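Undergrad: Structure provided below as structure tokens; questions to follow.
There are 2 protein chains.
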Amino acid sequence: MKVLVIGAAGMVGRKLVAELLATGRVGEQTITSLALADVVIPVAPETSIPVASLAVDLSVPEVAAQLVADRPDLIFHLAAIVSGEAEADFEKGYSINLDGTRHLLEACRLAGRASSYCPRLVFTSSIAVFGEPLPAVIGDTHEHTPLTSYGTQKAICELLLADYSRRGFVDGIGIRLPTIAVRPGGPNKAASGFFSGIIREPLAGQEALLPVADAVRHWFASPRAAVGFLLHAAALDTGQLGNQRNLTMPGLAATVGEQIAALERVAGPKAVALIRRHPDETIAGIVAGWPQAFEATLAKSLGFVGESSFDEIIRIYIEDELGGQIS
Amino acid sequence: MKVLVIGAAGMVGRKLVAELLATGRVGEQTITSLALADVVIPVAPETSIPVASLAVDLSVPEVAAQLVADRPDLIFHLAAIVSGEAEADFEKGYSINLDGTRHLLEACRLAGRASSYCPRLVFTSSIAVFGEPLPAVIGDTHEHTPLTSYGTQKAICELLLADYSRRGFVDGIGIRLPTIAVRPGGPNKAASGFFSGIIREPLAGQEALLPVADAVRHWFASPRAAVGFLLHAAALDTGQLGNQRNLTMPGLAATVGEQIAALERVAGPKAVALIRRHPDETIAGIVAGWPQAFEATLAKSLGFVGESSFDEIIRIYIEDELGGQIS
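If you're matching them up, the sequences are chains A and B in order.
Using the numbering used here, read the first sequence as starting at -18 and increasing by one per residue.
Using the numbering used here, read the second sequence as starting at -18 and increasing by one per residue.
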């Protein structure tokens, strides 16, 4: 099968590509070619599978048609500008996160006019589609009232994905990713950055700032689980989905206090001592509006699997990013 | 205040315009001018209020800017192509129902760049935003999984309306209208047409076909109630809405059997005898996927009022369309 990954240079994109090339397959099917697209040229590991890398701007209408000209059987669409940037630049957010996705859907629909075409399209949505009012545990049929333009754009793309699937233009599945932790790399300015930072920095022997209270509860999956969700979605029998083309992925609900206790179990009190409480009302205010936990009943029943403890999430980080060793 | 009505030539639009001109006010505010737009030139009653009538195509990007150039304080946006047409013509549906609304929102946002501008925007959405799986009574926080492109387009516009309101570009409120009955005019080809036809035709001494079982239950409001919802939304303190900019309007849940019983009470057995049962599996199948009843708790708490019996809905039809008399 021919596979296209849009957003291949991002953190999850790179891990997905590495996994696709390592196994050479998706479900029962062998990958015959892989096309990678992003705003910067994605770099792929050496492999026997033919790989094409492209730097593209999906907000330019013609680009999507070029991407699907080769008629990929499977498309992963991970490309988006992040929440903070979509909030700061209203037009850019709508242009890339909404119009870019719509161009892709339209390119698939129009390609199907020439001759039959209906690719599997795996789209990464987000729990940012949920907003106030929120129950403590959010069910699979809860409404979407996003509190950000990013969440609005993701919610709209979910609706488009479902309608284009219902009409037979794509065979779509949208997966709402939990907050990904532990993210590799350095500290960033995302409001959610500390959820990874309070684990990652202490494991590297560095101090980490904690801007919120220990009681703050949130919803997590590891980067490895995220790649697993994408691959499972790619091979799933979508006939099981009915009209529910968009699914909340299973995650782990954990408080900051539970994160810290897990860090102590995995890396000892020396690591925990590097976490410095530094309350930040702005960040605390933003995080207070975020979802805390989900039922994710449907996704679990379809075989999507997340982590069952924050210890596991930390161990995955140590295995995948630190070569299995901590200092 | 300056008022703009887009979609002024439709059934609800005409009744809204008649009411605006009859009272000359919206809430506490006096109407100083009224602009009416539709794909055909809307006709307005004689009045002392200056009225401008325009034939426009909202799917043309520049049109929305022309409509808001006069900076109306209040915009009613009722324009849409109907469900059946949006399903038959995919591109036209998205072009008018989605892009048309987005052009209007963008025009308001861009007008606000020159100098402060944030009009009240009352948008008519639809219970078509709801789809499977559906509980028997749908709560205010139930998800939107529309089963039609029309429902998808309305659900997307709701999300845009909420985000543009959150950003301060418009002061939006979306109202999900129940199925409007009793519609004046002749029989039409809408799958929902019989809900009005089995009342309207017998009241005119004509036979009406009933394609579904008496047990079929649906959600109704009169045209008079719909106009009431629009006017109430126009004058509402939107500070009460929080992040819930889109509301399911209160309606009346009634089975076809209850409709017929109401007709008998209002117009006697002679009228009921004109209903001929003529099962149509296609229509029965479509209607089976439709919502049956809603809680509408939030809208009721905000003062929106629907009907409390189908007898009342029939009497409103007789008063407003038949001059208060039946043959």
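Ideal Cβ positions, reconstructed from N, Cα and C, are used throughout, including at glycine.
Only a predicted model underlies this, so the values are computations on that prediction, with no experimental measurement involved.
Find the residues of chain A that neighbour I137/B, judging by a C-beta separation of less than 8 Å, and give them in chain order.
TA: Simply I137, L140 and L141.
Undergrad: For R148/A, decide whether its Cβ has a neighbour in chain B, counting only Cβ atoms nearer than 8 Å.
TA: Yes, because at least one Cβ of chain B sits closer than 8 Å to the Cβ of R148/A.
Undergrad: Does the distance from the C-beta atom of I295/A to that of L233/A stay below 8 Å?
TA: Against a cut-off of 8 Å, the Cβ pair of L233/A and I295/A comes out as no contact.
Undergrad: Could you pull out every residue in the same chain whose Cβ sits closer than 8 Å to the Cβ of K281/B, ignoring the five residues on either side in sequence?
TA: The answer, listed in chain order, is P231.
Undergrad: Beta-carbon separation of V24/A and C89/A under 8 Å?
TA: No, Cβ-Cβ distance for V24/A and C89/A is not below 8 Å.
Undergrad: Say whether chain A places a C-beta atom closer than 8 Å to the C-beta of H123/B.
TA: By this cut-off, H123/B is an interface position.
Undergrad: Using the Cα positions of G209/B and V110/A, report the straight-line distance between them to the nearest angstrom.
TA: Looking at the two C-alpha atoms, the distance is approximately 32 Å.
Undergrad: Taking Cβ-Cβ distances below 8 Å as the criterion, which residues of the stretch 270 to 298 of chain A are in contact with chain B?
TA: Cβ contacts with chain B: none found.
Undergrad: For A215/B, count the other beta carbons within 10 Å of its own beta carbon; 16 or more makes it buried, fewer makes it exposed. Which is it?
TA: Buried.
Undergrad: Given a threshold of 16 other Cβ atoms within 10 Å of its Cβ, counted over all protein chains shown, does A69/A qualify as buried or as exposed?
TA: Classification of A69/A: exposed, given that the 10 Å Cβ count is below 16.
Undergrad: Look at the alpha carbon of M(-8)/B and the alpha carbon of W271/A, and state the distance between them as a whole number of angstroms.
TA: Answer to the nearest angstrom: the Cα atoms are 42 Å apart.
Undergrad: With a 10 Å radius around its C-beta and 16 neighbouring C-beta atoms as the bar for buried, classify A36/A as buried or exposed.
TA: A36/A comes out exposed.
Undergrad: Would a check of beta-carbon distances place S40/B closer than 8 Å to chain A?
TA: Not one chain A Cβ lies under 8 Å of S40/B.
Undergrad: Enumerate in chain order the residues of its own chain whose CB-to-CB distance from T56/A is below 6 Å, with the five nearest sequence positions on each side excluded.
TA: A small correction: the amino acid at residue 56/A is Ile; Thr does not occupy that position in the sequence shown. L(-15), P100 and L102.
Undergrad: Using beta carbons (cut-off 8 Å, strictly below), is G266/A in contact with chain B?
TA: No, no contact with chain B.
Undergrad: What is the DSSP secondary structure of V37/A, reduced to helix, strand or coil?
TA: Coil.
Undergrad: What's the gap between the Cα of A46/A and the Cα of P53/A?
TA: Approximately 12 Å, taken between the alpha carbons.
Undergrad: Using a Cβ-Cβ cut-off of 7 Å (strictly less than) and excluding sequence neighbours within five positions of G314/A, which residues of its own chain qualify?
TA: No answer is possible for residue 314/A: it lies beyond the span of chain A, which begins at -18 and ends at 308.
Undergrad: Given this structure, state the Cα-to-Cα distance separating L85/B from L228/A, to the nearest angstrom.
TA: Near 31 Å, if we compare the C-alpha coordinates of L228/A and L85/B.
Undergrad: Excluding the 5 residues preceding and the 5 following L(-3)/B in the sequence, name in chain order all residues of the same chain whose CB lies nearer than 6 Å to its CB.
TA: Excluding positions up to five away in sequence, the list reads V208 and L211.
Undergrad: In whole angstroms, what separates the C-alpha of A143/B from that of G178/A?
TA: Whole-angstrom Cα-Cα distance: 33 Å.
Undergrad: Which full runs of the alpha helix (DSSP H) of 4+ residues lie inside the stretch 125 to 188 of chain A, going along the chain?
TA: Runs found: 130 to 147 and 174 to 184.
Undergrad: Residues of chain B with CB under 9 Å from L191/A, in chain order?
TA: Neighbours of L191/A on chain B: none; closest Cβ ~28 Å, over 9 Å.
Undergrad: Report the neighbours of L128/A on chain B: residues whose CB is nearer than 8 Å to its CB, in chain order.
TA: By Cβ distance, chain B contributes R147 and N224.
Undergrad: For P127/B, tell me which candidate among P114/A, I119/A, Y131/A and R147/A has the shortest Cα-Cα distance.
TA: Closest by alpha carbon: R147/A.
Undergrad: Fully enclosed by the stretch -4 to 44 of chain B, which alpha helix (DSSP H) runs are 4 residues long or longer?
TA: If we require 4 residues or more, the stretch -4 to 44 of chain B turns out to have no alpha helix (DSSP H) run fully inside it.
Undergrad: Consult DSSP for H259/B and reduce its assignment to one of helix, strand or coil.
TA: DSSP places H259/B in coil when its eight states are reduced to three.
Undergrad: With DSSP run on the structure shown, which of helix, strand or coil describes I294/B?
TA: Helix, per DSSP.
Undergrad: So E113/A contacts chain B; which residues on that side make the cut at Cβ distance below 9 Å?
TA: The answer, in chain order, is G223, N224 and Q225.
Undergrad: Using C-beta distances below 6 Å, list every residue in its chain close to Q10/A, excluding the 5 sequence neighbours before and after it, in chain order.
TA: Same-chain partners within the cutoff: M(-18).
Undergrad: So that I know if they touch, is there some Cβ in chain A lying closer than 8 Å to that of A57/B?
TA: At residue 57/B the sequence reads Phe, which differs from the Ala that was named. False, the Cβ-Cβ gap to chain A never drops below 8 Å.
Undergrad: Would you mind sorting T4/A into buried or exposed? The rule is 16 or more other CB atoms within 10 Å of its CB.
TA: The residue in question, T4/A, is exposed, as its Cβ has fewer than 16 Cβ neighbours within 10 Å.
Undergrad: Decide if V41/A is buried, meaning its Cβ has at least 16 other Cβ atoms within 10 Å, or exposed.
TA: Exposed: under 16 other Cβ atoms inside 10 Å.
Undergrad: Mapping DSSP to helix, strand and coil, what is F210/A?
TA: Of the three classes helix, strand and coil, the one that applies to F210/A here is helix, per DSSP.
Undergrad: For I156/A, tell me which candidate among S173/A, I62/A, S97/A and D121/A has the shortest Cα-Cα distance.
TA: The option with the nearest alpha carbon to I156/A is D121/A.
Undergrad: Would you check if the stretch 125 to 140 of chain A and the stretch 189 to 203 of chain A touch, i.e. whether three or more CB-CB distances between them fall below 8 Å?
TA: No: fewer than three Cβ pairs fall under 8 Å.
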